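In the numbering used here, the protein residues as written are 8 to 186. Only one structure is covered here, and it is reproduced in the block below.
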Amino acid sequence: LNTPGGQPHSIIIDGQGRIWFTEIGANRIGRFDPFSDEIHSFTIPTPGSRPKSLGFDKQGILWFVESAGDRIGRLDPLTESIEEFSLSEKDADLCGLQVDKDGQVWFAERAHGRLGKVDPGSGQITTFLLPNGGLKVGQIGLDSDGRVWFTDTGLGRLGMFDPANGRTRFFLLPDNMKR
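See the structure below:
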């Protein structure tokens, strides 16, 4: 890589062994093929979007958040096309991203204390406001029951949102139990 200010951030490996990564400072997604030593870059249409977390769906489409662009991006490796889905709220500070077993693309809105999901078929975005002031959702993970687990970097906790019933639970981390 020879990108001044590129700032590689997130990384994921596809089913063919290629390494995909974000360059938040260069506004690009990169793909490194370790078998040929070739690097290919994909420029994100929205300037200054600062791409972060990555995830693949079952069709091999690469999804990513645009932390400063208030968009979720979808890159088709076959056509090399990028499609963006805009959030209605601005300054969301998007981070974590995961694709669930049904193909829904989950993400976190750090600044607004929300989780969201994109329906890849319709492009519709649905958001879920989480309880408690001061919440700052960081990274997310999905369990086998479809629940969304997240880090709360604002209040130092783990959280779990269950889309089936809309309930959220929080779990104090040992350092925060004494506060």
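In this text, a Cβ means the ideal position worked out from N, Cα and C, and glycines have one as well. Here the structure is a predicted model, which is why all the values come from computation and not from measurement.
For Ser-93, the beta-bridge partners assigned by DSSP are Arg-78. Restricted to the stretch 155-182, not a single alpha helix (DSSP H) segment is unbroken, complete and at least 4 residues in length. Apart from sequence neighbours up to five positions away, the residues of its chain that approach Ser-48 with a beta-carbon distance below 6 Å are Arg-35, Gly-37, ordered along the chain. Nearest neighbour of Glu-87 by Cα position, chosen from Trp-70, Leu-101, Ala-99, turns out to be Trp-70. Secondary structure of Ala-33 (DSSP, three-state): coil. DSSP places Ile-51 outside both helix and strand once states are collapsed to three, so it counts as coil. For His-119, the three-state secondary structure derived from DSSP is coil. If you draw a straight line from the Cα of Glu-91 to the Cα of Ser-56, it comes to about 11 Å. Taking C-alpha positions only, Gly-103 is separated from Asp-44 by approximately 29 Å. Sequence-distant partners of Lys-65 (beyond 5 residues in either direction) whose C-beta falls short of 7 Å from its own C-beta, in its chain, are Gly-110. In the DSSP assignment, Ser-88 forms a beta bridge with Asp-83.
In the three-state DSSP reduction, Gln-66 falls in the coil class, being neither helix nor strand. In the DSSP assignment, the residues bridged to Phe-71 are Leu-61, Gly-80.
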